[in-house]
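The structure under discussion appears below in the form of structure tokens.
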Amino acid sequence: MYIATKAFYLFVSIIVALVWGLTVNGIVRKIVARVHGRIGPPVWQPFIDIIKSNAKRSMIAHGVMFYFGPVFRFAGGLGTYVFIPAVFGSVVFENLSFSGDLLLVMYFIFFGQLGMALGAGEGGHPASAIAVGRGLAQMTAFELPFALSIISLATQYNTLSITDIVAAQQAGVMSWTVFTNPLATFAALFALLGMNMHSPFDIVIAPQEIPLGPPTEYQGSLLGMLHTNRGIFVSAKLILFMNLYFGGALNLPILMVKTFAIYMLSVVVGVAFPRFRADQSIRFFLGVPTVLGILALLIQ
Amino acid sequence: MTLVSILGFVLIAVGLWGMLTRRNLIKIIVGFSIMDTGVHLVIVSLGFIKGRTAPIINKALSAGDAPSRAVDPIPSALVLTAIVIGLAVTALLLSFAVRIYREKRTLNIDDISELKW
Amino acid sequence: MNSLIKRLKMQFDVEEQTQRSNLSFINATALQLPALLTHLRDYEKYTQLIFLTAVDRIEDNQFQLTYMLADESSQNNIGVRVRIDRENAVMTSIAHLWHHARTYQQELREMFGIDFPGSPGVNDNFILEGWEEIPPMRRDFDTREYSEKTYFPRPGRSTTHPRTAMKAVDPDYPELPLMKGRVK
Amino acid sequence: MKSTENKIIHPLENAGVPEDQRHLYCDASPRPYPALNKYVERFLNWARANSLWILGYGTGCGAIELRPLLTSRFDISQYGMNPRPTPRQSSVFIIGGYLSVKTLKRVIRSYEQMQNPKFVVGLGSCTVNGGMYWDSYNTVNRLDYYLPVDVYVAGCMPRPEAIIAGFEKLKSTIMAGQAEGANEYAERFDWYKSNQKKIIKDWDMPDYNW
Amino acid sequence: MVNPLLMLAVALGVGFIFAWLRPYAKTAAWTLLYGALVFGLAVSIQWLTHFVSGGVSTTVLPGGFSPPVGIALGWGMKEAFISSIVFLGGLLGSIALFKTWRDTPSAGPVLFLLTIAGSIGLIMSRDLFNLFVFLEITSMSTAGLLATGRHHEGAVSGFKMMLVTGLASVLFLIGTVYLYRITGTLAIDQILVSPALAGTAGFTASFLIIAAILVELKIWPANGWALDVLTSAHPVIAALISTVHSVAILFVFYKIFPLLPPDSLLIFTSAGLMTFVSAHLAGLRQDNFQRMLAYSSVGMMGLFVTVITWTSSVYGHNIPIRIESIILGGFIITHLLAKGGLFWVVAHFKDSEGNFDITRVGSTTLGGVIITGLILALAGLPPFPSFWAKWTLIREIAASSLPIVFVILLGALFEVINLFRWLGRALEGESHCAVHAPPVLSGIALFSLGGFSIGAIFLGWFPDFNISILIPFSGLIAAGLVAFLPNRIQISISILILGLAGFALVPGASGIGQAYTAIILGSGALMLLTKMEAANKDKWQLPLIVGTVLTVAVLGAVHTALEFWTSWEMMTAVSALLIVRGKNAKKSALMYWTFSMAGAFLLLAGLALAVSATGQTDLSKVFAGAPSLSIILISLGFLFKAGVLGVHIWVPDAYAESEDDSTPYIAALVSKAPIIGLILVFYYAADAFIGPFEWRVLIGWIGVLTAFFGALFASFQEDVKKLLAYSSMGQIGYIIAVIALGSYTGWVAALYLALHHILYKGLLFITIAGVISRTQTSLMYKMGGLIKRMPLSFVAVLMSIIAISGVPPLPGFGGKWMMYSAFIEAGWTLQAGVAFFASGVAFLYLYRLIHTVFLGMPKNEHINVKESSIWRLVPMYIIIAMIMGIATMPKLLLEPIMNLVQTRFPATMHWEAANLISSLGSWNGNAIMMVTMGVFMLPLILLLFRVRGVKRVKPFNIVYAAEKPERPETTHVAHNFFAHYRRAIGVIALPRATAFWRGVAEWTDTLGDWVRQWATGNGQTYAVQVLLFVSVLYFFMRQTAL
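Protein sequence lines, in the order shown, are assigned to chains A, B, C, D and E.
Under our numbering, think of the first position of the first sequence as 18, with each following residue one higher.
Under our numbering, think of the first position of the second sequence as 174, with each following residue one higher.
Under our numbering, think of the first position of the third sequence as 2, with each following residue one higher.
Under our numbering, think of the first position of the fourth sequence as 85, with each following residue one higher.
Under our numbering, think of the first position of the fifth sequence as 441, with each following residue one higher.
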């Protein structure tokens, strides 16, 4: 009985996260379009795209690993999400956060990346391999400030449990990590820019030079799954950042507001800056953000 | 230090000088011989006690008188052996020199240094 | 420019024809050409090969090749024209003088059938992949007949000469008479 | 319907590919994919029509008129349309103007790499009948002999408004379930292939680019 | 008892009779010759046993008068021992020379006998002038022996020798007569007690005598003549000079050095040390094997002088017989048999033109075994006697003077590097040339060496040594003996050997060591299964693998410091041999050997210091009481062996160049040896975690930086084996860092990570070896697309890279989780950051590994590649099953580990059901596994609905328009895959360590060359050097004496 209830809650939680992630995507596209002076696609365009991708009648596959790539990716997104408590104190949105901690979430992010990279690799397209190379290289760079920030948090709160970290921030706005540990927060926010792969850190998917990079060969339902994952994965990342740095959320509306605000950060940066080359972005992340992270560790 | 021993040391130095400065194998051997002779002189001089006679037991020197009248016999015995050995070494060196000259047609010590390093 | 032509005439058997103050054409023989171009490049500062093109002088049974050179310092251009036999169209390659000449020569080989022995990759495909007819830029190639034979022309297509077409009055475009006035 | 699905599809010969490379190419011929249940299909067609991802082929001069579509003035993204850099993910193929034999070869490759359902929009008169190059030795006159075309937008060049009108037409065709070019291509594969091979003499690719 | 004088008389007499008899009765003459030698040997040995069993030394008076009137000959245990050595050497040498003598009539045999007789005289005589006579006799007879060769070189070097020894004998003679003049006697024993000796005159005279003997002993720099002599002589004669003659003179030195006051002994020690170091330094530059041996002999003499004077300065005249026997006896026996053996090998393998090519030796199995044994014996590796001598010597010296230890070890390092270089050359040869009859002599030599060492243990000289530590040696020999059997039987026997060793070793071990031994043996046996695949081309490989596994395993079963050191040396030697058997592995094996030996010597210095400081033998007590310096030295030794950043340069080459089938053992097993070493040290050491200057923090930083740079270097490799090698380096870095933490969580993480490293690195290397054997290349960019051909191998690699990278749900995550928890708990936050960065960079090479090899474009030449054989797949999948099992139920594995660690640190983690709770967070491997399965199945099931419409396409069916893919090679993105990363941070990945060590090597080389230039080849220069040497020595002696 317990398991059935839990599974049901989990299902609800995942659906909410998915819908919210895709909606955020749609809203952002709309906002960017309005800033450009365009009308922009409808907010529900991401949903249509997913349906459309799944509506493709024919599909090709380069092999079993190619086929499993999106599965890994989606499982990575789902897994990341289910180990993060979405709403503090909520039974429904607590997910499976009790069976792992922050380190687990950080490493589960890699699960999807790895699977996708393998799938793209079996696709055999040179552009995919190039993009994966760039993506992994960039990932090593932006994970460093993020990791430093996380370590700083762990020493600050003396725990690695996300729920505990959120609980420690419930004493009011000034108890949020962003105020108690601003250096770590900024280091992590820089990392978030890289994680979201918006411009200026979108060399990985550079559509013109290497047609979209890793998913060059993906189509149909496989692509649809990747798009679905984008929804859930964006939610997971944003909720993680909200939990760690912005005091978490006590209910869904607050969650929406906070995650949306965090997302807008990378959107604003994204529309304002041109693209870095791979080596430039690596050096960027190893520069100021890493120094911030180290300072966050040293100052405590 | 007696005159003889000083002479011996001078001979040693002369022989050494010859050994170390001459290039010709034969001259080196001669130098060695001179040095050897010097050593022998030194040995003999060490055993010499002024006013005594040679340590040969014969009519002139009875066995009973020997401790008081004869010089120390041991250096003399030593020097005999040393002379024999010195002779043997000189002979060996000369035979080497002959052999070297036969095969290399040279007696210059600088020319036989191919074994090195 | 004139002094250049004079100097050239002293050394080579060339005829000249000046079109503009900074553009002259000289006619040379195929045999002289490499020497002439080398001279222009190395001694007269005409270091750039702008293009190499051909004209099918079918009436004379000849191809006329034009080598256009530029002197970047004085902004002067000189075109060297050479006529070669049309039936046995072979010309000396100048790819050793300008590396990019190989591309022009490859194109001429494909479009006119002029061979440049020794030019790198001269027999490779350039634009036409697998062309089997006579080279299409030769004037004895009937491109319209070929197109009709090959490309499934859409029936009902009509062609009007621009002159007559522009005279027609379309009620939707009242400004046309103004245009008509221009087309005489 | 069942019969088309279970039809044994003869392997393609792929004669154009060097022998030592043939194992690197799939040798199956395409097959038509039947539509699903009417109502499901209607829903899916709605999605397909409202999420048209464009693969632009722009070596002809018509392609110059595609760019304004993405600008603030025309903004086709409001119709759910987006340029897409890879044929695998695109659903509408815009042929931007005249096609020479050489470019047709590339167009065929890209078209075959798209996934069913896929739509083709011919842009400009050249794709209709060769346009002003109709008698050229090298320009394809009728695109529909080589690829199944869903919508032609005539003009030399058609303005962006005309192109948008063409898209509207395409959308209504899709919604009506009549944009089955991909299936038609598979069904009349031999005919299309023979037309293509008639003009592409140097056929150095597999017979169907999966 | 036979009168020992008879030996001398018989030898001399037979010498004369032989010359007379030979033309008439050959057989009788030869019989007499050998009879004399055998007689001498028998008499010596009889006396030796007599003395060993408690006989009393005697004095022989040949003239019937006592000194000072008569000559006295001493005869005791030492004399009997040395004379046994002399006769043994002489007998073996004469057997080796028999053919030469028989074919060309010369004075050789007579001179040979004279040399022997002279040497015996030198040993027995206790009269100075008598010594002079015997010195001259031996000098002349050896010079004569030199000249018996066909070539004039013998005469030349003989001339130089006579020149220098003539000079020396002049000095000796003058010294002798002056001593006589002062003391009135020539008998050493009486001179020693004479009060007149103490004066200046007595000092000078004694100095002259001893200086002459030092010149005869070939002390640097007055030794150029000896090098020429040993180079030009017939090898067997060179062996005679280098062993018999030198040992006799050494004994003379031993007898007379007390003439000088004890405080001047340090000068002799220094002179000996300088000789030892300089000889081996100069030896590094030799490309003539015999001359290298000459340098080695000279170095040995230096060591002898050092040992004799040093022990005397420490113990005075009451040197414990045990120490003297082990050190001097061990070295002398090794010198006689190993160095002599090598000279004999040279003699035996010379071609008809007199040229010696060492590759010919290794071309036959027997020759290879013999030269390996001889060189390892010379290098002082167990179980050869020199090993025990080395251990005792260093342990004794470490008690009083650490600098001397370092100088000796430096010289020894040069020596072992040099020896191994030659061994590598020898073993490189394949059998091309005609096989010689096996050099029986060397075989005998080898046998006696082993016999002696085992005898030494039985003698109870080392109560802290358990014979079971030599199990690997017997295992190695056993596996070697069955090398002729069919492959699979051989492997079954090998696995059986491992099992038997397990039964013998595991019950005796305890705690972490027990688990370690069991795991190493088990995984070794598992990996051996892969060898079933195909017959072995190299008969050496399997025994060496068995030896490697056993030597690594036995480290867990040791109890005393000596046992630890023994097994460590065995492990180093056997693994170096395993590497050197690779195709082009000569250089990389040498590098491995150099760094391993450097580490081993640091370890030796540290252990010796600890043992002498604590006076304990038990490992636990030794470490517990060890001074900080020794802990630092010991852990430095381990770090060298682990190949941490800075000394990592041997790692990639050693792994990459060893045979594909050997690499798993080196990468997965040998790399664990330093880990268990570190764990043992820090387990027992009381203050290792406090230390003088936060030593463990330094190790921790070294660890994480090693992890980072290992990963970074791995990312830039093209060779798959080098990639894995650097990967191993990185993983070892993590383990070292968490060991250095010295906390409960850290140690649990360390053991857990180490165990995993065995599993997945073994798995990876087995799999990759399979791939390499199928594709016939180890360059990654030449592979590609193999997933279609080798899907099972792909799955194995996939599993291992997920495990390595620490991605959940595989057990690698648990290790990472504990590692970060431990870092953060200890406040090592920056280190945690670097470790995290390292694990990010690890993704780069892991992806590259799997992508470049298995994904992307298959190459045409690999179109018919088959899956790895079943013999590889079975172990692979057993390991995978273990990994999956651990992933699902980590508790089964972790609980024993935690119990083990609890014995050292208080527990900071505990279990709540399947949930592991640390002070920071929790980890539930079971739940994670199930959730992962769940979230994986969900999309998979969703996608399976669509599997029907999917068309499986071929590699070239990729997106392209204008340009079609030309060839798989040009379409496969593989070479220099992370070029952008190199451009971004490649500047920190420049091979600085390599450049540094190359610089060190070049400087050493130059220095060696400079030292070597002393031997100019000019006899006069040598004479000048002798004079200078004597003068300088006198100057220093005066300084100390007054």
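Don't be surprised by glycine CBs; every beta carbon is placed ideally from N, CA and C.
Since the structure is predicted, the reported quantities are computational estimates derived from the model, not experimental observations.
Residue i - DSSP class collapsed to helix/strand/coil
| i | result |
| --- | --- |
| C:Q12 | helix |
| E:S686 | helix |
| E:Q1453 | coil |
| C:R21 | strand |
| E:Q1479 | helix |
| A:G310 | helix |
| A:A253 | helix |
| A:D66 | helix |
| C:V83 | strand |
| B:K289 | coil |
| E:S792 | coil |
Expected contact under 8 Å - CB spacing of residue i and residue j to nearest Å
| i | j | result |
| --- | --- | --- |
| A:L272 | A:M259 | 7 Å |
| B:A270 | B:L260 | Rounded, the Cβ-Cβ distance is 15 Å, inconsistent with contact. |
Beta strand (DSSP E) segment containing residue i, residue limits
| i | result |
| --- | --- |
| C:S25 | 24-29 |
| D:G140 | 137-141 |
| E:A1347 | It is not in any beta strand (DSSP E) - E:A1347 carries neither H nor E in the DSSP assignment. |
| E:Q486 | Unbroken run through E:Q486 is the alpha helix (DSSP H), 466-492; no beta strand (DSSP E). |
The alpha helix (DSSP H) enclosing residue i, as first and last residue numbers
| i | result |
| --- | --- |
| A:K275 | 269-289 |
| D:Y236 | Counting along the chain, D:Y236 falls outside any alpha helix (DSSP H), though it belongs to the beta strand (DSSP E) covering 235-237. |
| A:M76 | Run containing A:M76: none in the alpha helix (DSSP H); it sits in the beta strand (DSSP E), 76-78. |
| E:Y1166 | 1160-1181 |
Residue i and residue j closer than 8 Å at C-beta
| i | j | result |
| --- | --- | --- |
| E:S646 | E:L699 | yes |
| C:S25 | C:I79 | yes |
| E:G1273 | A:L314 | yes |
| E:G1254 | E:W1363 | yes |
| E:G1280 | A:E234 | no |
| E:V754 | E:A711 | no |
Secondary structure, beta strand (DSSP E): runs of 3+ residues fully inside the stretch 1297-1323 of chain E: none
Could you give the uninterrupted runs of the alpha helix (DSSP H) lying entirely in the stretch 990-1073 of chain E, keeping only those of 4 residues or more? 1001-1020, 1026-1054, 1059-1065
Extract the residue ranges of the alpha helix (DSSP H) inside the stretch 191-274 of chain B, only unbroken runs of 4 or more that lie entirely within it. 198-220, 239-242
Please give the ranges of any beta strand (DSSP E) in the stretch 153-234 of chain A, keeping only runs that are unbroken, at least 3 residues long and fully inside the region. For the stretch 153-234 of chain A, not a single whole beta strand (DSSP E) run of length 3 or above is found.
What residue ranges within the stretch 903-983 of chain E form continuous beta strand (DSSP E) runs of no fewer than 3 residues, ordered along the chain? none
My parser needs the alpha helix (DSSP H) runs of 4 or more residues fully inside the stretch 1214-1271 of chain E; what are they? 1231-1245, 1252-1266
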